[in-house]
Structures are given as C-alpha cells and as structure tokens.
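Here the structure is laid out as structure tokens; the discussion comes afterwards.
Protein chains: 2
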Amino acid sequence: MSDPLNKVLEVLSGEEDASTERLFEIIRIPSISTDPAYDDACKDAAEWCADKLGEIGFDASVRPTTGKPMVVGHYTSSNGRASPHVLFYGHYDVQPADPLDKWDTPPFEPQLKDDPKYGSVISGRGASDDKGQFMTFLEACRAWHDATGDLPVSVSVLIEGEEESGSPSLAPFLEANRDELIKDFALVCDTGQWDADTPAITTMLRGLCSSEVVVTGPSRDLHSGMYGGAARNPIRVLTRILGSLYNENGAVQIPGFYDDVRPLSPDQQDQWNALDFDTAQFLGEVGLKLPAGETGRGVLEQLWSRPTAEINGIIGGYTGPGTKTVIPSKASAKLTFRLVPDQDPDKVVSGFKEFVMSRLPDDCSAEFLPGQGSPAVGFDTTGPAFRAAAGALADEWGKQPVFMGCGGSIPIVESFKSQLGMESLLVGFALDDNQIHSPNEKYNLTSYRKGARSWARILDNLSNM
Amino acid sequence: MSDPLNKVLEVLSGEEDASTERLFEIIRIPSISTDPAYDDACKDAAEWCADKLGEIGFDASVRPTTGKPMVVGHYTSSNGRASPHVLFYGHYDVQPADPLDKWDTPPFEPQLKDDPKYGSVISGRGASDDKGQFMTFLEACRAWHDATGDLPVSVSVLIEGEEESGSPSLAPFLEANRDELIKDFALVCDTGQWDADTPAITTMLRGLCSSEVVVTGPSRDLHSGMYGGAARNPIRVLTRILGSLYNENGAVQIPGFYDDVRPLSPDQQDQWNALDFDTAQFLGEVGLKLPAGETGRGVLEQLWSRPTAEINGIIGGYTGPGTKTVIPSKASAKLTFRLVPDQDPDKVVSGFKEFVMSRLPDDCSAEFLPGQGSPAVGFDTTGPAFRAAAGALADEWGKQPVFMGCGGSIPIVESFKSQLGMESLLVGFALDDNQIHSPNEKYNLTSYRKGARSWARILDNLSNM
Numbered sequence: 032m033s034d035p036l037n038k039v040l041e042v043l044s045g046e047e048d049a050s051t052e053r054l055f056e057i058i059r060i061p062s063i064s065t066d067p068a069y070d071d072a073c074k075d076a077a078e079w080c081a082d083k084l085g086e087i088g089f090d091a092s093v094r095p096t097t098g099k100p101m102v103v104g105h106y107t108s109s110n111g112r113a114s115p116h117v118l119f120y121g122h123y124d125v126q127p128a129d130p131l132d133k134w135d136t137p138p139f140e141p142q143l144k145d146d147p148k149y150g151s152v153i154s155g156r157g158a159s160d161d162k163g164q165f166m167t168f169l170e171a172c173r174a175w176h177d178a179t180g181d182l183p184v185s186v187s188v189l190i191e192g193e194e195e196s197g198s199p200s201l202a203p204f205l206e207a208n209r210d211e212l213i214k215d216f217a218l219v220c221d222t223g224q225w226d227a228d229t230p231a232i233t234t235m236l237r238g239l240c241s242s243e244v245v246v247t248g249p250s251r252d253l254h255s256g257m258y259g260g261a262a263r264n265p266i267r268v269l270t271r272i273l274g275s276l277y278n279e280n281g282a283v284q285i286p287g288f289y290d291d292v293r294p295l296s297p298d299q300q301d302q303w304n305a306l307d308f309d310t311a312q313f314l315g316e317v318g319l320k321l322p323a324g325e326t327g328r329g330v331l332e333q334l335w336s337r338p339t340a341e342i343n344g345i346i347g348g349y350t351g352p353g354t355k356t357v358i359p360s361k362a363s364a365k366l367t368f369r370l371v372p373d374q375d376p377d378k379v380v381s382g383f384k385e386f387v388m389s390r391l392p393d394d395c396s397a398e399f400l401p402g403q404g405s406p407a408v409g410f411d412t413t414g415p416a417f418r419a420a421a422g423a424l425a426d427e428w429g430k431q432p433v434f435m436g437c438g439g440s441i442p443i444v445e446s447f448k449s450q451l452g453m454e455s456l457l458v459g460f461a462l463d464d465n466q467i468h469s470p471n472e473k474y475n476l477t478s479y480r481k482g483a484r485s486w487a488r489i490l491d492n493l494s495n496m
Numbered sequence: 032m033s034d035p036l037n038k039v040l041e042v043l044s045g046e047e048d049a050s051t052e053r054l055f056e057i058i059r060i061p062s063i064s065t066d067p068a069y070d071d072a073c074k075d076a077a078e079w080c081a082d083k084l085g086e087i088g089f090d091a092s093v094r095p096t097t098g099k100p101m102v103v104g105h106y107t108s109s110n111g112r113a114s115p116h117v118l119f120y121g122h123y124d125v126q127p128a129d130p131l132d133k134w135d136t137p138p139f140e141p142q143l144k145d146d147p148k149y150g151s152v153i154s155g156r157g158a159s160d161d162k163g164q165f166m167t168f169l170e171a172c173r174a175w176h177d178a179t180g181d182l183p184v185s186v187s188v189l190i191e192g193e194e195e196s197g198s199p200s201l202a203p204f205l206e207a208n209r210d211e212l213i214k215d216f217a218l219v220c221d222t223g224q225w226d227a228d229t230p231a232i233t234t235m236l237r238g239l240c241s242s243e244v245v246v247t248g249p250s251r252d253l254h255s256g257m258y259g260g261a262a263r264n265p266i267r268v269l270t271r272i273l274g275s276l277y278n279e280n281g282a283v284q285i286p287g288f289y290d291d292v293r294p295l296s297p298d299q300q301d302q303w304n305a306l307d308f309d310t311a312q313f314l315g316e317v318g319l320k321l322p323a324g325e326t327g328r329g330v331l332e333q334l335w336s337r338p339t340a341e342i343n344g345i346i347g348g349y350t351g352p353g354t355k356t357v358i359p360s361k362a363s364a365k366l367t368f369r370l371v372p373d374q375d376p377d378k379v380v381s382g383f384k385e386f387v388m389s390r391l392p393d394d395c396s397a398e399f400l401p402g403q404g405s406p407a408v409g410f411d412t413t414g415p416a417f418r419a420a421a422g423a424l425a426d427e428w429g430k431q432p433v434f435m436g437c438g439g440s441i442p443i444v445e446s447f448k449s450q451l452g453m454e455s456l457l458v459g460f461a462l463d464d465n466q467i468h469s470p471n472e473k474y475n476l477t478s479y480r481k482g483a484r485s486w487a488r489i490l491d492n493l494s495n496m
C-alpha cells in the first residue's frame with residue numbers, strides 16, 4: 032500500500048461522521064426530476080454538488096440545459112502523468128417518494144437506522160440511488176485532497192439531474208461538450224455489490240431490441256357462429272407461432288439466434304458457480320420456483336451471459352368482461368430480445384420476422400412495427416484499468432470482486448460508448464434490497480464507508496497502472 | 032294438392048299487392064327495441080300485429096311485460112282434430128337504422144326496388160328481419176281464412192318485441208304463461224333459404240360453452256432485464272398451451288373433445304356435397320382463402336356439423352404504444368366452444384381445464400372464470416312434422432329443401448326447448464345478403480310471396496300428417 036493511500040484511508044476513518052453528514056445534506060434536497068414542483072430543488076442539488084467539488088479543488092460549474100442542469104467539474108492532477116484521466120458519472124436526481132405513507136420516516140429526512148440484517152443503514156430517498164453511490168467517489172476525492180493536497184490521477188466529474196426521467200438533455204449535452212468530456216474511460220457508480228460482504232464489477236450489460244408483430248386474418252371481425260371452424264383466427268395463428276418460439280429445452284428457435292453468442296469462459300463459469308447463488312430465494316421472492324429459461328443453465332448464467340426472447344405483451348379480440356363470440360381480424364404481440372455481446376440487434380429482429388413469416392398461413396398477413404435496438408456492452412476484464420479496480424476492491428473487502436453481468440441496460444454506459452467512444456468501468460456498492468424507487472430506500476453504512484475507501488484505493492491503483 | 036289449398040294459393044295470388052302493402056304498413060312503424068325513444072313505436076307495432084291477427088279470427092291481445100309488450104293470439108281450427116296445434120314465433124322489433132346516411136332510401140319508408148341480382152326486392156329496416164319473415168306466415172293464415180273461413184290446424188302465435196335487445200322479458204313471460212304457450216311444436220320463421228331458388232329447413236343449431244383462463248406466473252410484474260431468461264413469463268406459458276390446442280390437421284386436442292360427436296350421415300354429406308358451395312367466395316368475402324379448420328372437411332360440414340374451439344380474446348402484459356420491458360404476472364384468454372348434438376358443455380369445459388392444467392408449469396397457476404353453456408339443438412329430420420314441411424317446400428319451389436345446419440345459436444329455439452320442452456321447426460326465406468342489421472336491408476319479393484305460399488302448403492300438410 033502506498034504511503035499516501037494510508038494517509039487517505041486514515042482521513043476517511045477520521046471523517047466518517049462528517050462524511051455521513053455531507054450525504055445527509057444532499058439527501059435533504061428533494062431533487063425529484065420528474066415533477067416540475069421540484070425544479071428549484073434540482074437546481075439546489077446541482078449547486079450543492081458544484082460547491083462540494085469546488086471545496087476540493089475542482090473547477091466545477093452548474094451547466095444549464097433545456098431540462099435539469101448538469102454539474103461538470105475538472106481536476107488536473109499534478110502527479111505529472113497525463114493519463115489516465117477519468118470521467119466519473121453520477122446523478123443527483125431521485126425518484127418521487129410516494130406513496131409517502133409507506134415510509135417509516137420522512138423520505139427527505141435522512142437518518143441512521145438499525146437494520147436487523149445489515150446493522151446500520153442510511154435511510155432516505157436517494158440514500159442509495161444515486162446520492163449515496165456518487166458521494167462514495169466524492170468522499171474519496173475529498174480524502175485524497177485533504178491528505179495529499181492533490182488527486183492521484185486527473186478526474187472529471189459529470190453529475191446529471193435527469194437520470195430518473197429519461198435523460199432528455201443528456202445526448203445533446205454530450206454532443207455539445209464532446210471535447211471536454213471525452214476522457215480515457217468513465218467510472219460509473221450506479222450498480223451493485225454481489226452481497227453485503229462481496230464487491231463486484233459489472234462487466235457486461237445485455238443489449239435490447241424489440242419487435243411488434245400484428246397478424247391479420249379476416250378483413251373484419253367475424254361472428255364465431257357463422258364462421259367458426261372455417262375461418263382463420265389470427266389469435267390462433269399468433270399463439271401457434273409464439274408457442275413454437277422456444278423448444279422443449281427453452282432454447283429460442285429463431286434461426287441463427289445463438290450464432291454470435293460467445294460461450295461462457297470456464298473461469299467465469301467457475302466464479303459464478305462458486306457464488307452459491309440461491310436460486311430458490313431469487314425466484315421465491317417473486318412467487319416462482321423453477322428456472323424458466325434454457326434447461327441446464329443456471330440463473331446467473333442466464334441473466335448475465337445468455338440472450339432472451341420475451342413476449343412483453345399480447346392482445347387480440349375481445350378482452351372486456353364476459354364473452355363475445357368474435358373471430359377477430361387482428362392479433363398482436365410485443366417482444367423484446369435481451370442481447371449479449373456480438374449479437375447484432377438488426378439480425379435478431381430480422382430473424383424473428385423470418386420465423387413468423389415462415390409459419391404464417393398464406394391468407395394471413397403480418398406487419399412488423401419498428402422497434403428500437405442497442406447492442407450489448409461487454410468490458411475487457413483483462414485491461415489495466417479493470418485490473419486496477421479489481422485489485423483495489425480485493426484489498427478493501429478481503430475477497431475478490433465478482434465479475435457480474437447485468438441483465439438490463441444502463442443507458443449512460445451506452446451513451447458514453449456510442450456517442451463519445453468511451454468505455455466505462457462499473458463499480459457500485461448498492462444491494463438488491465436497497466429499495467431504490469420504493470419507500471424506505473436505504474444504503475448500508477458499510478457500503479457508504481467502504482465504498483469511499485474502495486474508490487480511494489482504485490484512484491491509487493489507477494495512478495500506478 | 033287439396034282443393035282448399037288450391038283456393039288458398041289463388042287468394043294469395045290475387046292478394047299479392049295488398050299483402051305487400053300490409054308488410055309496408057308494419058315496416059313503417061320504427062319499432063327499434065333497444066332505443067327508449069321508440070317505445071311508443073314498439074307499442075304501435077304490437078297493436079298492429081294483434082289487430083291483424085284479430086282480422087283473421089285470432090283471439091289476439093297485446094300483453095304487457097316489464098319491457099316491450101308481447102303479442103299472443105290463438106286460433107282453434109274447426110277441422111275437428113286436436114293436433115297438431117302449433118305455436119308460431121316471430122318478432123316485431125328491429126335493429127336501429129343508423130348509419131342513416133348509408134341508406135339509399137329512408138329505412139322506414141319501405142319500397143319495391145329493382146335489384147340487379149334478384150329482381151324486385153322490398154327495401155326497409157325489418158323487411159327481412161323479422162317483419163317480412165313473420166308476415167309470410169300471417170299472410171298464409173289470412174289466405175286460408177279468406178279462402179276457407181278456417182285454418183287447417185290450430186295455431187297460436189307469439190310475436191316478441193325484444194329479440195334485437197336480448198329478450199330480457201322472454202324467459203319470465205314463457206314461465207308465467209307455460210300452459211298457454213306449450214303446443215305440439217313451434218314454427219319459427221327467422222332463418223334463411225339455401226339460395227334464392229332453393230328452400231331450406233334448419234335442422235341443427237350449434238351449442239356454445241365458454242371458458243376464460245387466467246395464467247399467473249410471477250407474483251408481480253417483473254423487469255425483463257433483471258429477470259428475463261430465468262423467470263417464467265405467463266404469456267409464454269399461455270401461448271405455448273394455446274399453440275398446442277390444435278394439431279397439424281386443425282383437430283382440437285382437448286382429451287375426449289370429439290368423443291360424442293356423431294359422424295355425418297352419408298345422405299347428409301351427399302346433399303351438402305351436391306350444393307356446390309363456393310368456398311372461395313365465402314372466404315373471399317372476408318379476406319381469406321384457405322379453410323382453417325379440420326383438414327379434409329368442407330366449410331359446410333365444419334359450420335354445420337363439427338364442434339370448434341375458438342380463442343375469442345387474449346391479453347397480457349403491456350399493450351399500449353411503444354415498448355415496455357415487462358414480464359407480466361398474468362396473461363389471460365377467453366375461449367368459446369361451438370358444440371354439436373350430444374356434446375355436453377360441462378364436459379367440454381372440463382376437458383379444456385384439464386388440457387391447460389396438464390400443460391401448466393408447476394410454479395404457475397391457472398384460474399378459470401365461470402362461463403356459460405348451452406348444448407346444441409338437433410332436430411329429428413324423420414318425424415312427420417318435418418316431412419310435412421319438407422314436402423310442402425319441395426312442392427312450392429320445385430326442388431327439395433336443403434337440410435342446413437346453423438353455426439350459431441337461435442336463443443328462442445333453446446328457450447322453447449329448455450323452458451317449455453317444445454321442439455321447433457325452422458323454416459325461413461331470408462338470404463345471406465339481405466343486409467339485416469345493416470343499411471339497405473331488403474327481402475326478395477319472391478321470398479315474401481313464395482314464403483307465404485310455402486307456409487300455406489305447410490299448414491295444409493300439417494293438417495294431414
């Protein structure tokens with residue numbers, strides 16, 4: 032361990048209460064981005080972030096957009112090296128707090144509570160998502176600055192105020208400030224740990240593409256008495272096609288669907304197997320008990336390394352109360368496909384269309400409504416920055432970080448990649464039961480304290496990579 | 032041909048214009064039962080019917096109900112025989128006439144028009160359904176009365192005023208007047224001919240039963256990023272089950288579904304084959320071209336003699352605009368089953384439940400909402416009344432009547448059977464393109480005139496059966 036890092040960690044230990052109080056300050060600002068009634072609070076939160084960055088030597092400013100302001104700050108390290116220069120991303124806005132009557136204590140009056148499972152937790156809206164998380168990084172920077180008068184690497188910070196409301200201003204802002212924001216890579220603190228004692232780095236985000244199919248049979252709705260038996264029912268056609276979308280082993284039957292899917296490396300498989308993931312608990316929490324996807328693949332493997340075809344909605348015919356003896360003219364379904372690295376969204380959607388068309392009776396037609404598509408993002412787990420972060424986390428937590436996949440997407444990571452050509456390193460300290468977006472949101476005090484210590488170590492390692 | 036019948040047919044020939052004018056009179060009364068603005072018109076129509084029955088010797092009266100009044104009339108023949116005593120059924124109410132701007136001439140101003148296909152047609156709302164139809168019978172009775180001073184058999188008449196609005200008063204009225212209304216059998220004039228030159232008797236009405244299934248997977252809606260692949264999607268479960276409801280040949284795969292279905296008799300098959308039914312035209316009119324049911328069975332055989340399983344509605348997940356990456360908790364479908372004679376509705380519904388349950392994953396549940404059920408009605412085509420009617424129709428039209436099935440149900444026939452234990456004989460003179468319930472409803476003048484002559488002959492034959 033470097034001598035400066037020792038000092039930084041000592042500062043963090045000494046500052047624990049002050050650090051928690053700073054987090055409380057920003058939680059107290061009800062920066063709900065989706066509700067215009069909180070516009071001023073969002074501005075206050077942005078100002079607060081810029082002030083705090085300024086206190087530790089950042090050249091920080093609140094930057095107006097047509098929506099909520101952005102906070103941007105830059106710090107040039109005097110350690111004499113030009114790289115890496117990292118861009119840290121977080122967001123100061125939070126989800127609405129309702130239903131208010133479900134909160135044990137008011138959402139914007141943060142406090143420490145005893146949690147039977149985790150010990151001390153910080154309660155409040157944004158305690159985890161994302162105020163607690165981004166503050167771990169700012170506290171690490173503050174400690175470095177306090178202990179050494181400098182940061183070990185050059186750091187820029189972008190704190191957004193619209194993450195919970197679709198980030199409408201983000202793309203134009205990135206575009207207008209490309210040169211200022213493109214750094215060697217991004218650090219994003221908006222993901223989770225494996226469990227309360229085990230750190231994680233998120234190494235893969237599944238991509239997403241979608242298709243909506245509308246099957247038309249008869250030219251108008253028909254009476255099932257007059258036509259039933261002889262006339263083609265598009266619900267029957269659609270259910271038959273979708274009913275054959277998976278084989279008996281749960282594998283998607285779209286031609287070529289798995290062609291570009293990389294096999295899971297034995298090392299990665301071993302790591303995930305060693306995690307003792309509790310499938311029964313994971314499924315039991317949502318009322319299920321049997322893994323539903325490809326036979327023989329575990330839940331983690333499915334969520335983190337396998338593509339899916341999911342029917343998100345279906346509708347056709349009469350859906351009101353009671354009975355209507357109709358053979359409808361149309362039936363439709365919405366599907367999304369979760370993608371893994373190397374899968375091409377366009378190819379998957381084309382494959383689905385081909386799958387439907389090849390099974391469509393000659394006197395039916397199918398229309399495909401345009402969808403969206405974004406490829407999966409996979410990170411190189413062998414690169415120096417990744418190894419620097421993994422080592423730092425192992426040092427702090429006493430165990431190797433889990434290399435997790437993420438079944439969903441994280442839009443900022445895709446934006447950094449597609450708009451700025453910049454890779455991201457995803458380290459976060461949230462837990463699945465932090466109740467983000469729900470009443471009684473919380474963040475483990477351990478996550479907060481050891482999160483800041485983790486970032487302090489990561490910055491140190493990055494300066495030596 | 033009996034001497035009295037000759038006279039009756041002569042009277043009908045001489046009365047043709049007066050008979051058409053009487054039909055025009057009742058068409059002019061806008062007796063739309065579903066719209067309270069036409070309550071008085073409904074009363075006027077009922078009075079008109081009772082008056083007309085009175086003119087030809089019926090003991091007729093308008094009978095109030097909590098809805099539209101019923102018209103009941105009785106005539107005891109003096110031919111010295113107690114049987115058969117028949118109950119004729121028709122309805123004086125009509126469908127609303129809108130959209131009015133689609134009518135070539137006003138709906139309640141009946142007139143004769145030249146039709147390129149059929150020659151002279153009677154235009155107006157109710158011209159076919161059911162004013163033109165029930166007037167064929169009343170005109171036959173009038174002619175018998177004019178020609179002979181009597182009717183050849185005893186006749187009671189029930190003319191309803193709520194057929195187009197669900198007949199809410201019918202069941203209580205039948206119940207309260209059982210003894211008065213139970214006759215040897217019912218004559219119902221609310222069905223069609225085979226074509227403009229070929230009469231028909233409807234010999235089978237399919238029954239109907241229904242089931243709605245709600246499949247529940249996860250206990251709440253899930254995010255497809257976080258759970259997709261590992262968590263069971265009830266839309267996938269439902270489409271897989273419904274997708275296996277039919278085999279490759281279109282046969283319903285519910286266990287025992289066809290067990291009680293009578294094979295079609297070779298005679299009946301021969302008659303239907305001889306009809307040269309135009310499948311391409313029948314399906315082409317609704318934008319289809321391939322018969323969709325059981326492979327190897329013609330459209331008529333399917334509609335008139337085979338049961339069906341039809342998915343009338345399906346819904347699950349997100350069905351609004353755009354995409355939502357949800358794995359829903361529930362998905363549901365509404366099904367109806369058209370039944371043929373000897374099929375038990377309860378057994379069919381139970382078979383469907385069994386079909387679903389046997390295919391349901393262990394961690395899903397299925398709820399079945401209660402539906403309705405009524406068995407098919409098949410008439411004995413070898414009985415004396417049936418033969419009397421078939422012979423009369425053959426005499427009038429110069430060709431044997433087609434023994435048609437009816438893919439749908441006719442509620443009055445079921446009510447007569449279930450409430451009064453009374454069989455029905457279904458003879459009607461409508462054509463598929465009479466545009467009933469639509470603008471420019473019409474009834475062939477030939478249907479009207481030869482319809483009355485047909486009933487005159489049927490009454491004669493019934494008196495000799």
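For the protein sequence lines, the chains are A and B, in the order given.
Counted the way the working numbering counts, the first sequence spans residues 32 to 496.
Counted the way the working numbering counts, the second sequence spans residues 32 to 496.
We treat Cβ as the ideally placed atom computed from N, Cα and C, and that holds for glycine.
Once you ignore the five residues that flank residue i on each side, which residues in its own chain have a CB closer than 7 angstroms to its CB?
i, result
"V21 (chain B)", "With chain B covering only 32 through 496, there is no way to say anything about residue 21 (chain B)."
"S159 (chain B)", "A461, N465, I467, E472, K473 and Y474"
So, helix, strand or coil for residue i, using DSSP?
i, result
"T167 (chain A)", "helix"
"Q142 (chain A)", "strand"
"I345 (chain A)", "strand"
"E56 (chain B)", "helix"
"S255 (chain A)", "helix"
"A323 (chain B)", "coil"
"K361 (chain B)", "strand"
"D181 (chain B)", "coil"
"V186 (chain A)", "strand"
"P285 (chain A)", "A small correction: the amino acid at residue 285 (chain A) is Ile; Pro does not occupy that position in the sequence shown. Coil."
"H116 (chain B)", "strand"
"F204 (chain B)", "helix"
"Y123 (chain B)", "coil"
"C316 (chain A)", "Residue identity differs from the one stated: residue 316 (chain A) is Glu in this sequence, not Cys. Reduced to three states, the DSSP call for E316 (chain A) is coil."
Per the DSSP calculation, residue i is bridged to which residue(s)?
i, result
"F368 (chain A)", "A:C240 and A:A340"
"T233 (chain B)", "B:M435 and B:L457"
"V408 (chain A)", "A:L236"
"M101 (chain B)", "B:R94"
"E398 (chain B)", "B:V245"
"N475 (chain B)", "B:V152"
"K133 (chain A)", "According to DSSP, which records beta bridges pairwise, K133 (chain A) is partnered with nothing at all."
"D226 (chain B)", "B:T229"
"A213 (chain B)", "Just to set this straight, residue 213 (chain B) is Ile in the shown sequence, not Ala. Looking at the DSSP assignment, I213 (chain B) forms no beta bridge with any residue, so it has no partner."
Once the 5 residues before and after residue i are set aside, which same chain residues still bring their CB inside 6 angstroms of it?
i, result
"W225 (chain B)", "A231 and V433"
Inset, instruction - Please determine if the segment 91-105 of chain A and the segment 148-158 of chain A are in contact, where contact requires at least 3 C-beta pairs separated by less than 8 angstroms. - result: no
Legend entry - Cβ pair count under 8 angstroms reaching 3, the segment 326-342 of chain B against the segment 428-442 of chain B: yes
Inset, instruction - Below 7 angstroms between beta carbons is the criterion; list the residues of the segment 382-403 of chain A that meet it against any residue of chain B, in chain order. - result: P392, D393, D394, G402 and Q403
Inset, instruction - May I ask you to list, following chain order, the residues of the segment 252-266 of chain A that have a beta carbon less than 8 angstroms from some beta carbon of chain B? - result: L253, H254, S255, G256, M257, Y258, G259, G260, A261, A262, R263, N264 and I266
Legend entry - Sufficient close CB pairs (3 or more, under 8 angstroms) joining the segment 369-381 of chain B to the segment 250-263 of chain B: Judged by Cβ distances under 8 angstroms, the segment 369-381 of chain B makes no contact with the segment 250-263 of chain B, as fewer than three pairs qualify.
Inset, instruction - Check whether the segment 164-176 of chain B touches the segment 68-78 of chain B, taking contact to mean three or more Cβ pairs, one atom from each stretch, closer than 8 angstroms. - result: no
Legend entry - Stretch-stretch touch, CB-based, cutoff 8 angstroms, three pairs: the segment 383-399 of chain B with the segment 449-456 of chain B: no
Inset, instruction - For the segment 294-327 of chain B, enumerate the residues whose C-beta is nearer than 9 angstroms to any C-beta of chain A, in chain order. - result: T310, F313, L314, E316, V317, G318, L319, K320, L321, P322, A323, G324 and E325
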